[in-house]
Amino acid sequence: MKLVTFTSPEVPVPRAGILQDGGVHPFPRYVRGIDIIQAADDYVAARQAIPLEDVTLHVPFRPRMIIAIGRNYADHAAEMQSEVPERPLIFAVLPSAVIGPNMPISWRSSVTQKVDWEGELGVVIGRTARDVSEADALDYVYGYVVANDVTARDLQKEIDKQWTRGKSLDTFCPIGPSITTRADIPDPQALTVTTRINGEVMQQGNTSSMIFDVATLVSYCSRMFTLAPGDLLLTGTPPGVGAGRTPPVFLGDGDEVAVEIEGVGTLQNPCRVLD
Numbered sequence: 015m016k017l018v019t020f021t022s023p024e025v026p027v028p029r030a031g032i033l034q035d036g037g038v039h040p041f042p043r044y045v046r047g048i049d050i051i052q053a054a055d056d057y058v059a060a061r062q063a064i065p066l067e068d069v070t071l072h073v074p075f076r077p078r079m080i081i082a083i084g085r086n087y088a089d090h091a092a093e094m095q096s097e098v099p100e101r102p103l104i105f106a107v108l109p110s111a112v113i114g115p116n117m118p119i120s121w122r123s124s125v126t127q128k129v130d131w132e133g134e135l136g137v138v139i140g141r142t143a144r145d146v147s148e149a150d151a152l153d154y155v156y157g158y159v160v161a162n163d164v165t166a167r168d169l170q171k172e173i174d175k176q177w178t179r180g181k182s183l184d185t186f187c188p189i190g191p192s193i194t195t196r197a198d199i200p201d202p203q204a205l206t207v208t209t210r211i212n213g214e215v216m217q218q219g220n221t222s223s224m225i226f227d228v229a230t231l232v233s234y235c236s237r238m239f240t241l242a243p244g245d246l247l248l249t250g251t252p253p254g255v256g257a258g259r260t261p262p263v264f265l266g267d268g269d270e271v272a273v274e275i276e277g278v279g280t281l282q283n284p285c286r287v288l289d
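Per our numbering, the very first residue in the sequence shown carries number 15; after that it's consecutive.
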């Protein structure tokens, strides 16, 4: 099941629905924020679908908290000339950075000139998790989303020399276009992740290459802080980012970024430089 938040000429207020067979089946009433996490359990989708070309897809849900994992693919750590971590490397992304599908990733050139892509599998928490075991960890996952952990490399590496600002500028955390429920992704460690810039494949990997798999990450994070329904866990990016190339390649005004994850969906966003 793929859950979305959408509007249309007939549904002007953001509403939850199920994306299926080229259309959106709206729920009987709209819900906001993380309420969409419970919507599929509490409501039955209307029979009449709205054609996909007649709807605008929004952020599928608003995360309460975004926990991200750095260097979770050995090849990515190598391309960034960094060591492979001995334990999950956790950092936070501000929820205000979240945007939905087709919304522009935007920045000011006076703030950053080295904007990079990082296609990632996002994990949506569905149950309160505290001190859960790796064996039980996936039971606390509601579903999965495509994410792009956009990064200002100059802020991250040269100016701040830490990650919060460079990862959290407004619009720097696109997610969507839907939440694919856990039942439809029986093995999150068998998914191909592909990032295209203007149609050209720049990044490709498989979640089987994660250093710390999804169950390990959920369990580990739950021992550090309580995870709640609607929290988002970004699981790291495979190799192929712009900063790892020779010479480096960064995003510019007018570029189109598409992150595709097998079975989960394709997230597309244009880029806009504001000054």
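Glycine is no exception: its CB is placed at the ideal position from the N, C-alpha and C atoms. Owing to the predicted nature of the structure, the values given are computational and were not obtained by experimental measurement.
To which residues of the same chain is residue i closer than 8 angstroms at the C-beta, ignoring the five residues directly before and after it?
{"i": "residue 223", "result": "87, 88, 89 and 252"}
{"i": "residue 35", "result": "63"}
{"i": "residue 136", "result": "158, 159, 160, 161, 189, 246, 247, 248 and 249"}
When you compare each of the options to residue i by their alpha carbons, which one comes out closest?
{"i": "residue 212", "options": "38, 268 and 94", "result": "268"}
{"i": "residue 32", "options": "24, 25, 26 and 18", "result": "18"}
{"i": "residue 285", "options": "235, 20 and 184", "result": "184"}
{"i": "residue 170", "options": "136, 35 and 128", "result": "128"}
{"i": "residue 73", "options": "106, 91 and 114", "result": "114"}
{"i": "residue 138", "options": "162, 75 and 166", "result": "75"}
{"i": "residue 149", "options": "35, 218, 241 and 231", "result": "231"}
{"i": "residue 263", "options": "241, 214, 234 and 220", "result": "214"}
{"i": "residue 206", "options": "192, 243 and 221", "result": "221"}
{"i": "residue 104", "options": "94, 161 and 81", "result": "81"}
{"i": "residue 69", "options": "173, 27 and 95", "result": "27"}
{"i": "residue 216", "options": "155, 272 and 99", "result": "272"}
{"i": "residue 109", "options": "151, 161, 225 and 258", "result": "161"}
{"i": "residue 248", "options": "65, 42, 193 and 107", "result": "107"}
{"i": "residue 219", "options": "172, 176 and 254", "result": "254"}
In the DSSP assignment, find the alpha helix (DSSP H) that holds residue i and state where it starts and stops.
{"i": "residue 216", "result": "Unbroken run through residue 216 is the beta strand (DSSP E), 214-220; no alpha helix (DSSP H)."}
{"i": "residue 120", "result": "Careful: residue 120 lies outside any alpha helix (DSSP H), inside the beta strand (DSSP E) at 119-121."}
{"i": "residue 180", "result": "178-182"}
{"i": "residue 88", "result": "88-93"}
{"i": "residue 228", "result": "228-238"}
In the DSSP output, what is residue i paired with across the bridge?
{"i": "residue 208", "result": "218 and 274"}
{"i": "residue 105", "result": "82"}
{"i": "residue 30", "result": "19"}
{"i": "residue 283", "result": "271"}
{"i": "residue 195", "result": "157"}
{"i": "residue 134", "result": "161"}
{"i": "residue 37", "result": "34 and 65"}
Here's a check: name, in chain order, each residue in its chain whose Cβ is nearer than 7 angstroms to the Cβ of residue i, leaving out the five neighbours to either side.
{"i": "residue 236", "result": "143, 144, 145 and 146"}
{"i": "residue 168", "result": "126, 127 and 128"}
{"i": "residue 97", "result": "91"}
{"i": "residue 289", "result": "122, 123 and 124"}
{"i": "residue 229", "result": "148, 151 and 152"}
{"i": "residue 174", "result": "180"}
May I ask which residues mark the beginning and end of the beta strand (DSSP E) holding residue i?
{"i": "residue 151", "result": "Element bounds for residue 151: n/a, residue is neither H nor E."}
{"i": "residue 16", "result": "16-21"}
{"i": "residue 66", "result": "Looking at the DSSP string, residue 66 is not in any beta strand (DSSP E), and its letter there is neither H nor E."}
{"i": "residue 97", "result": "Careful: residue 97 lies outside any beta strand (DSSP E) and carries neither H nor E."}
{"i": "residue 225", "result": "From DSSP, residue 225 is part of no beta strand (DSSP E); its letter is neither H nor E."}
{"i": "residue 246", "result": "246-248"}
{"i": "residue 72", "result": "Counting along the chain, residue 72 falls outside any beta strand (DSSP E), and DSSP gives it neither H nor E."}
For residue i, which residues in the same chain have their Cβ closer than 6 angstroms to its Cβ, ignoring the five residues on either side in sequence?
{"i": "residue 195", "result": "15 and 157"}
{"i": "residue 294", "result": "Since the displayed the chain opens at 15 and closes at 289, residue 294 lies outside it and no answer follows."}
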